[in-house]
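Take a look at the structure below.
Numbering (full-length UniProt numbering), first residue to last: 1 to 326.
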């Protein structure tokens, strides 16, 4: 009887240990959604995690939010199938396309979702779009994930589009091509991925300058400028140091109260008031364009506070750490 008792007790202890281990893994350890979704990035209300993928470059989560798909990368929302995403793509694509002399060739760095590519394809003069993403999983989602393909209108499968799985900087440095428009749509560098700084440096911008056709235009995403305007100012300062003419622009999201910053960089002088849309959308009308190109008072760099990001310093990473703590 005692032997059976101890056997049962041992079995119960093993089961308890395994259950506790699974509980910790699922809710606190590597299996937890916490490692895929930052607390401040969680959707309001109900959501369902459809899939989690751990790739060599990032942790990805596919999340259903009231029938919309949100794609997370390393804890932050990378893109989604929402109206907000349409607005974001309109601004980062159509402003440089409007400023560029020609739009025959377009390079998109960080376009795995295919949403910015969708907007570039709206121009009849576009002959080729080269869309780069470092992660083959993101490119695969953009090409084959039904809900995302429906949203991006199959852009990454279009005959005018070449998709490349590569580090954006390495691709540019090893390419002999030039482009009329270059769109750099990548997240800010963080402690989770500090190597992203390489795509914001003086050295890289010099490379982009060599690959930009005369009269060409570049747009660069500058994160949440309302929370860290120094981030946008430093990108602009770095571009100017590399020899570009710059026009800062923004888009204030009425939904979440965040001001998203961007920099337009050109190799010929461009006046913001002379920029006219070549196509329009439900969001980015001519009237709205003037708001986008007119910075609010708190985003204007009155005191020239921007610092130059190089391959040897951590200017942007330090700004992000101070603003968000990671």
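Think of the CB as a built atom: it goes at the ideal place given N, C-alpha and C, for glycine as much as any other residue.
Since the structure is predicted, the reported quantities are computational estimates derived from the model, not experimental observations.
Please classify residue 194: does DSSP put it in a helix, a strand, or coil?
In the displayed model, residue 194 falls within a helix according to three-state DSSP.
What distance in whole Å lies between the Cβ atoms of residue 91 and residue 284, which are believed to be in contact at a cut-off of 8 Å?
Contact flag correct, Cβ pair sits at about 6 Å.
Can you check whether the CB of residue 219 is closer than 8 Å to the CB of residue 43?
Taking C-beta atoms as the reference points, residue 43 and residue 219 fail to come closer than 8 Å.
DSSP bridge partner residues for residue 72 (one or two, in chain order):
DSSP, once it has assigned bridges, lists 61 and 77 as partnering residue 72.
Check: residue 171 C-beta below 7 Å from any heavy atom of the ligand GDP
This structure lacks the ligand GDP; in fact it carries no ligand of any kind.
Buried/exposed call for residue 294, threshold 16 Cβ in 10 Å:
Under a 10 Å Cβ-count criterion, residue 294 is classified as exposed, with fewer than 16 other Cβ atoms of the shown protein chains found around its own Cβ.
With a threshold of 8 Å, are at least 3 pairs of Cβ atoms found where one atom belongs to the segment 270–278 and the other to the segment 94–111?
Yes, they touch.
Would you decide whether residue 46 is buried or exposed? Buried here means 16 or more other CB atoms lie within 10 Å of its CB.
Exposed: under 16 other Cβ atoms inside 10 Å.
So what does DSSP say about residue 127, is it helix, strand or coil?
DSSP places residue 127 in coil when its eight states are reduced to three.
Output needed for residue 80: all residues of its chain with C-beta closer than 7 Å, excluding positions within five of it in sequence on either side, in chain order.
Closer than 7 Å at Cβ, skipping near neighbours: 68, 69, 70 and 71.
Stretch pair the segment 307–318 + the segment 229–243: three plus CB contacts closer than 8 Å:
Contact between the segment 307–318 and the segment 229–243 is present, because at least three Cβ pairs lie under 8 Å.
Chain-order list of residues whose beta-carbon lies under 8 Å from that of residue 24 (same chain, five-residue window excluded):
Because the pLDDT of residue 24 is 39, which lies under 50, any placement of that residue in the model is unreliable, and the number read from its coordinates should be weighed accordingly. Nothing meets the Cβ criterion.
Count Cβ pairs between the segment 102–113 and the segment 162–178 that sit closer than 8 Å; are there 3 or more?
A contact exists between the segment 102–113 and the segment 162–178.
So, are the CB atoms of residue 252 and residue 265 less than 8 Å apart?
Against a cut-off of 8 Å, the Cβ pair of residue 265 and residue 252 comes out as no contact.
Per DSSP, what kind of secondary structure is residue 264 in: helix, strand or coil?
The answer is strand: DSSP assigns residue 264 an E or B state.
So, residue 134 versus residue 57, is the Cβ gap smaller than 8 Å?
Their beta carbons are under 8 Å apart, which means residue 134 touches residue 57 by this criterion.
Of the choices 164, 122 and 59, whose alpha-carbon is the least far from that of residue 153?
The closest CA to that of residue 153, considering only 164, 122 and 59, is found on 122.
Determine the burial state of residue 225: buried for a count of at least 16 other Cβ atoms within 10 Å of its Cβ, exposed for fewer.
It counts as buried.
Can you tell me whether residue 229 is buried or exposed, with buried defined as 16 or more other CB within 10 angstroms of its CB?
Burial call: buried.
For residue 152, the first and last residue of its enclosing alpha helix (DSSP H)
It spans 146–152 - the alpha helix (DSSP H) in which residue 152 sits, taken as one unbroken run.
From this set, 192, 136 and 142, which residue's C-alpha is nearest residue 157's C-alpha?
The shortest Cα separation from residue 157 among 192, 136 and 142 belongs to 142.
Hey, out of 102, 206, 198 and 246, whose CA is closest to residue 312's CA?
Checking every option, the nearest Cα to that of residue 312 belongs to 198.
Do residue 93 and residue 116 count as a contact pair if the criterion is CB distance below 8 Å?
Yes, these two residues count as a Cβ contact at 8 Å.
Can you give the Cα-Cα distance for residue 40 and residue 185, rounded to whole angstroms?
Cα to Cα, residue 40 sits roughly 22 Å from residue 185.
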